[in-house]
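Asker: Residue numbers (the working numbering): 1083 to 1771.
Ideal Cβ placement from N, Cα and C applies to all residues, glycine included.
These figures come from a predicted structure and were not determined experimentally.
1. Would you mind stating whether residue 1823 and residue 1331 have Cβ atoms separated by less than 9 Å?
2. If you check the beta carbons only, do residue 1310 and residue 1328 fall under 9 Å apart?
3. What residues are listed by DSSP as bridge partners for residue 1402?
4. Report, in whole angstroms, the separation of the C-beta atoms of residue 1457 and residue 1476, which I expect to be a contact under 8 Å.
5. Look at the alpha carbon of residue 1615 and the alpha carbon of residue 1188, and state the distance between them as a whole number of angstroms.
6. Cutting at 8 Å between CB atoms, please list the residues of its own chain near residue 1629, excluding the five before and the five after it.
7. Kindly give me the distance between the Cβ atoms of residue 1132 and residue 1170, rounded to whole angstroms, as I take these residues to be in contact under 8 Å.
8. Anyone know if the C-beta pair for residue 1326 and residue 1292 falls short of 9 Å?
9. Can you list, in chain order, the residues of its chain with a C-beta nearer than 7 Å to that of residue 1422? Leave out the 5 residues immediately preceding and following it.
10. Assess contact between the region 1263 to 1276 and the region 1224 to 1239, defined as three or more Cβ pairs (one per stretch) separated by less than 8 Å. Is contact present?
11. When you compare each of 1673, 1587, 1563 and 1502 to residue 1642 by their alpha carbons, which one comes out closest?
12. Going by other Cβ atoms of all chains shown within 10 Å of its Cβ, with 16 needed for buried, is residue 1184 buried or exposed?
13. Residue 1660: which of 1557, 1598 and 1121 sits nearest, CA to CA?
14. Suppose you measure from the CA of residue 1776 to the CA of residue 1153; what does that come to, to the nearest Å?
15. Within this structure, are the beta carbons of residue 1217 and residue 1161 separated by less than 9 Å?
16. Could you give the residue range of the alpha helix (DSSP H) that holds residue 1624?
17. In terms of residues, what are the limits of the alpha helix (DSSP H) holding residue 1327?
18. DSSP three-state label for residue 1543, please.
19. Put residue 1584 into one of helix, strand or coil per three-state DSSP.
20. When you compare the CB positions of residue 1652 and residue 1590, do they come within less than 9 Å of one another, or not?
21. Name the DSSP bridge partner or partners of residue 1524?
22. Please work out which residues of its chain come closer than 8 Å, Cβ to Cβ, to residue 1559, disregarding the five sequence neighbours upstream and downstream, and give them in chain order.
23. Which of the three DSSP states is assigned to residue 1157 in this structure?
24. For residue 1182, collect the residues of the same chain with a Cβ closer than 7 Å to its Cβ; drop the 5 residues on either side in sequence, then sort them by chain order.
25. What span of residues does the alpha helix (DSSP H) with residue 1127 cover, start to end?
26. Quick check: what's the CA-CA separation for residue 1492 versus residue 1697?
27. Which word fits residue 1545, buried or exposed, when buried means at least 16 other C-beta atoms lie within 10 angstroms of its C-beta?
28. Let me see if you follow: with CB-CB separation under 9 Å, is residue 1617 close to chain C or not?
29. Is residue 1122 helix, strand or coil by DSSP?
30. Please report how far the alpha carbon of residue 1221 lies from the alpha carbon of residue 1158, in whole angstroms.
31. Which value, in whole angstroms, describes the spacing of the CA atoms of residue 1503 and residue 1543?
32. For residue 1313 and residue 1144, I'd like the C-alpha separation in whole angstroms.
33. Could you compute how far the alpha carbon of residue 1258 sits from the alpha carbon of residue 1251?
34. With a threshold of 7 Å on Cβ separation, who are the neighbours of residue 1323 within its own chain once the five nearest residues in sequence on each side are excluded?
35. Are the beta-carbon atoms of residue 1625 and residue 1571 separated by less than 9 Å?
36. Would you mind reading off the limits of the alpha helix (DSSP H) that contains residue 1504?
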């Protein structure tokens, strides 16, 4: 018996003895694409249509094939189809509801393709007609809200979220998508919260719900009152906030795990053998090949939660078992992600892991640790513009955290110690740290480690000035908290001081190249003022008196760098060029560092001469330092412990507009035919009662 083949809505006998036959749903679509009302000849037309399995490909293709003029001719039928889809959402029979949801997806995407260059108003008119838009969209949003909140099918809820994502991302710039005005007026915020607060719904739909919320929050956020921003900022329900945190933590954990798998695969492969043979000369090139697609959508959701809702800060420290230890991938990770920007939810086995009891043998983690690990990966390589934006968003999130009083309280809490294994960029002059040697420390140590790691590893020709500025600001804000609250943090401060001095050295060595693109004096001033902060207030927050002595030792030991910096800024501040004012600010800021160098260096030389020692040991230098503090005179510098608070609207609006645009495009691309597949749905609703 000849098998039937299906392609593009055609049914064809394999013997090819007869003309191709069109399936019934395709014939019905063809009727809609005429200027006649399809229900004239068949009063049950619309009722029958929603019993037919949707042919998404054919319907979208048909819409895309028409030019603007042809589409306008069948506008009434398109409006009619849209309205009947909305009516079908209220039907008892789930098959009709499924078909209506999928038809709406095809309609919205198909009409969007024809209206790329025109305004959202045209899309509204084409889909529903201006005169009926308000009522129809109200009915649509109410139906979607009911389906999302109902006890019913999880598959239906999934389709509702896909439709909403389709609706939101119909234009690249979501703020130009006028359809969203109806989503603002007829809010589905509570439905999203309900999904996040229920363990079952969260496991199934949490990812889509969080991405949807992040996008809705960004609709015209600077131009009008966005109800989603207002509502998100006042959510205080613990279950909902924890649910949102778990969804974000799971998505970031999945990324970290994929990266670790690829790193291990990479190290055991060809490059590992090659580098063993010829040394580490190829290590940087080899590492560049370890690349997993970043997830800006989930990162944006984390940012909005941290930035808008102070109650969410508590979620960052909410302990749960290490997610990476709780799941084992059943199949190898593909070389490239299946979907861009991780816009498909990761495996959801552990999204509800907070409900699991903590095992004493399992390393506990929290959202902040997972985020710090994620940041340590994406911030390694900032040469690619995409990853540069990801790294920037990570630093913006850390900036918000570093400014928050409650966040600082748990960051510096001695009773909350964790072992945080950050990813470190392979470098020729250092060995890879063994994971098991990591100490348990307050979380602020991991944040400082991440900042030091960034400072050390990004001194290159394509200098990421903006990221360096943010990095130094984060360190400064943490120090301000420590000074204010007199927190004596046991941290390896020498690593930070050394990194900062090497940064100044790099800026001086590359003065000509860098000045052509950047005002390096802004960064130099920030670095010098960090040292001034330690010099002026270090006795209130450094862990021991010997730590303060070590600070002076490092300044004296590396005095040549400070001397060279002073010479450079003095030269530029005495010239009448464009850098006169910023350079002179650095000159004034160096006053105490120069006083320390000029005070102690003669004392050290004198000690060496008296004791006939050609080169003093560290202990001998420290002895000289300790015995000569009383004759040192320093100037009190104002404003060292003050900083300008983060403001999105005034400084970051352009960045977020471009970021949301990129996310919107990728979410839309990812709503592919297979994600709207009907196979599972038809199994679930195999009978119509």
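Answerer: In brief:
1. Within the shown structure, residues of the chain are numbered from 1083 to 1771, placing residue 1823 beyond reach of any answer.
2. no
3. 1447
4. 4 Å
5. 60 Å
6. Close CB contacts of residue 1629 within its chain, under the 8 Å cut and outside five residues either way in sequence, are with 1575 and 1620 (chain order).
7. Cβ-Cβ separation between residue 1132 and residue 1170: approximately 5 Å, consistent with a contact (criterion under 8 Å).
8. yes
9. Confidence at residue 1422 is low in this model, with a pLDDT of 36, below 50, so its placement is unreliable and the value that follows should be read with caution. Result list for residue 1422: 1375, 1748, 1751 and 1752, in chain order.
10. yes
11. Comparing Cα positions, the closest option is 1587.
12. buried
13. 1598
14. Since the displayed the chain opens at 1083 and closes at 1771, residue 1776 lies outside it and no answer follows.
15. Not a contact, by the Cβ cut-off of 9 Å.
16. Judged by DSSP secondary structure, residue 1624 falls outside any alpha helix (DSSP H); it is assigned neither H nor E.
17. Residues 1320 to 1349.
18. coil
19. DSSP places residue 1584 in helix when its eight states are reduced to three.
20. No, the pair does not count as a contact, with Cβ atoms beyond the cut-off.
21. Residue 1524 has 1499 as its beta-bridge partners, per DSSP.
22. Excluding sequence neighbours, residue 1559 sits near 1481, 1484, 1485 and 1725.
23. The answer is helix: DSSP assigns residue 1157 an H, G or I state.
24. 1132, 1167, 1170 and 1171
25. 1127 to 1131
26. 44 Å
27. Taking all protein chains in view, the Cβ of residue 1545 is crowded by 16 or more other Cβ atoms within 10 Å, so the residue is classified as buried.
28. The chain labelled as chain C is not found in the depicted structure, where only one protein chain is given.
29. coil
30. Roughly 19 Å between the two C-alpha positions.
31. 29 Å
32. Straight-line spacing of the CA atoms in residue 1313 and residue 1144 works out to 40 Å.
33. 10 Å
34. By the criterion of a C-beta distance shorter than 7 Å, residue 1323 is surrounded in its chain by 1317, 1393, 1394 and 1397, once the five residues flanking it on both sides are discounted.
35. yes
36. Per DSSP, residue 1504 is not a residue of any alpha helix (DSSP H), being assigned neither H nor E.
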